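See below for the structure under consideration.
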Amino acid sequence: MRVTFAVWRPCTKVACTVALVVGIGGCASHPKPGAEPSLGLSTADASSRSENLKPAEAVLRTPELTVTRAPWQYGDAVGSLITTPNYRLYTTVDSDTFLQTLPVFYERALEQYTTALAILPQPERKLETFLFGSRRQWQSKTQEMLPDQASMFANLGRGGFTTRGTSVLYYIDRAGPPRDTFAIAAHEGWHQYTQQTFKHQLPIWLEEGVATYMEGYRRDADHLPEFNPGSNEERRQTLRDALQNKQVIALDELLTRTPQSFLNDSKDALLVYYAQVWALTRFLAEGENGRYRTPLGQVLLDAAEGRLVGRMAASRFVSRSRRGVSGERIGLAVVQEYFNADRDEFEQQYLAFVDGLAQQQPGGEWHRPR
22 MRVTFAVWRP CTKVACTVAL VVGIGGCASH PKPGAEPSLG LSTADASSRS ENLKPAEAVL
82 RTPELTVTRA PWQYGDAVGS LITTPNYRLY TTVDSDTFLQ TLPVFYERAL EQYTTALAIL
142 PQPERKLETF LFGSRRQWQS KTQEMLPDQA SMFANLGRGG FTTRGTSVLY YIDRAGPPRD
202 TFAIAAHEGW HQYTQQTFKH QLPIWLEEGV ATYMEGYRRD ADHLPEFNPG SNEERRQTLR
262 DALQNKQVIA LDELLTRTPQ SFLNDSKDAL LVYYAQVWAL TRFLAEGENG RYRTPLGQVL
322 LDAAEGRLVG RMAASRFVSR SRRGVSGERI GLAVVQEYFN ADRDEFEQQY LAFVDGLAQQ
382 QPGGEWHRPR
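Residue numbering for the sequence shown follows the working numbering, beginning at 22 and increasing consecutively.
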């Protein structure tokens, strides 16, 4: 089982996610219907009381999106179950503006997951997210779902987690627009999507790299979310600071160490790790005149369709003693198998890209290659 959790650093608003990996095997957790963790939800007869949302502006501008809302209650908190074509969103947040944008955000995020880097499969069933209005409710849900790890999560500060394809978050913005809440939803949403849809796990550096790639978004002319990996100034600033302070992580470490190991060093080291895997994913998608973009799509598709483990088992870059092993131990081998057998050349290309990325203006430089 893989549990990922995200922590938002107070004041600096820098995203920092740690993946807790338990018993990684060749395949990702892909529970069959009915095998989800106990969710302890209480709906007020959603099937009979479900009603169409009022035609909010956000939904009117996305006419193909069918959204319904039904009463839902968690403990003594009254909330809503919002259903979209691909999601069931259980929430106790009571802001009408937020609730109108939430389903649009999630559906657009899924479109980004399945089209931005490769044409990936759609989930076979609706993805479930719990987004609570208070930290106390989130802690209660954490105790229900992960009783053995709840005490650790209690010390996380602002954050959320995903396990077995279910994300559990809470509203972390107390002033201004809900940018941090949506950013963490997009990050954890990628983990939610891969846990439910992919047949094989990606190496940790790529799983986390793509999750950070998906964080970036801005508002379009209609104030609706428009995803853009360049709209992530927090990651870019961390990258600049790492370069200035000579704290850039060597490629071998980036590809083979776990996020937990960087957290053991320091929180700052963890932040640098996430900034660098964000930059590495952007390098694969955009760098070297598109040289690595097709292989990036291929490794994602191979993981989604269940070919990754077999290809890596046959790879000349995986030593005989490591055959069949997935996760961080084959991180470097995946780069050599899919992208560039010459790791030194690859690292020099990556570092040159990092230098350029750190100097770019936020947001505007990115475009999706045709």
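Just so you know, even glycine gets a beta-carbon here, dropped at the ideal spot from N, CA and C.
None of the values given here were measured: they were computed from a predicted structure.
* To do: Mind reading off the beta-carbon distance from Leu-223 to Asp-273? Whole number of angstroms is fine, and I expect it under 8 Å.
  => Here residue 223 is taken as the residue at index 202 of the sequence shown, counted from 1. Here residue 273 is taken as the residue at index 252 of the sequence shown, counted from 1. At roughly 18 Å, the Cβ-Cβ gap does not stay under 8 Å, so Leu-223 and Asp-273 are not in contact.
| message | Could you give the first and the last residue of the continuous beta strand (DSSP E) run that contains Pro-246? | response | The sequence position of residue 246 within the sequence shown is 225, counting from 1. Element bounds for Pro-246: 246-248.
* **Residue interval of the alpha helix (DSSP H) (run including Glu-132)** => As a first step, residue 132 must be located in the sequence shown, where it is residue number 111. Glu-132 -> alpha helix (DSSP H) spans 117-136.
Three-state secondary structure (DSSP) of Tyr-371: Indexing the sequence shown from 1 puts residue 371 at position 350. For Tyr-371, the three-state secondary structure derived from DSSP is helix.
Which of helix, strand or coil does DSSP assign to Gln-380?
-> To locate residue 380, count along the sequence shown from 1; it is residue 359. The DSSP-derived three-state label of Gln-380 is helix.
Please report the residue range of the alpha helix (DSSP H) in which Thr-150 lies.
-> Walking along the sequence shown from the start, residue 150 turns up at place 129. Boundaries around Thr-150 are those of the beta strand (DSSP E), 148-153, since no alpha helix (DSSP H) includes it.
Notebook entry, point to check: Which value, in whole angstroms, describes the spacing of the CA atoms of Ala-139 and Arg-129?
Noted result: For the purposes of this step, residue 139 is taken as the residue at position 118 of the sequence shown. For the purposes of this step, residue 129 is taken as the residue at position 108 of the sequence shown. Cα-Cα distance, rounded: 15 Å.
Practice item. Could you please give me the residues that DSSP links to Arg-109 through a beta bridge? Key: Residue mapping note: residue 109 aligns to position 88 of the sequence shown, counting from 1. DSSP, once it has assigned bridges, lists Thr-104 and Glu-149 as partnering Arg-109.
- Helix, strand or coil for Thr-279 per DSSP? Here residue 279 corresponds to residue number 258 of the sequence shown, with the count starting at 1. Thr-279: coil per DSSP, three-state reduction.
Could you give the distance in angstroms between the alpha-carbon of Thr-184 and the alpha-carbon of Gln-216?
Within the sequence shown, numbered from 1, the residue matching residue 184 stands at position 163. Within the sequence shown, numbered from 1, the residue matching residue 216 stands at position 195. Between Thr-184 and Gln-216, the C-alpha separation is close to 8 Å.
Q) In this structure, what does DSSP give as the bridge partners for Val-99? A) Residue mapping note: residue 99 aligns to position 78 of the sequence shown, counting from 1. Within the DSSP bridge table, the entry for Val-99 names Gln-94 as partners.
#### Entry: Distance between Asp-97 and Ala-67 (C-alpha atoms, nearest Å)
Counting from 1 along the sequence shown, the entry for residue 67 is found at position 46. Counting from 1 along the sequence shown, the entry for residue 97 is found at position 76. Low confidence applies to Ala-67: its pLDDT is 31, below 50, so where it sits in the model is not reliable, and the reading given next is rough at best. Distance between the alpha carbons of Ala-67 and Asp-97: 18 Å.
ask   = Around the Cβ of Pro-250, are there at least 16 other Cβ atoms within 10 angstroms (buried) or fewer (exposed)?
value = Here residue 250 is taken as the residue at index 229 of the sequence shown, counted from 1. Flag for Pro-250 reads buried.
Requested in this report: Look up Thr-33 in the DSSP assignment and say whether it is helix, strand or coil.
Outcome: As a first step, residue 33 is located in the sequence shown; it is residue number 12 there, counting from the start. Only weak support exists for where Thr-33 lies, its pLDDT of 39 falling under 50; the value from the coordinates is given anyway. Three-state result, Thr-33: coil.
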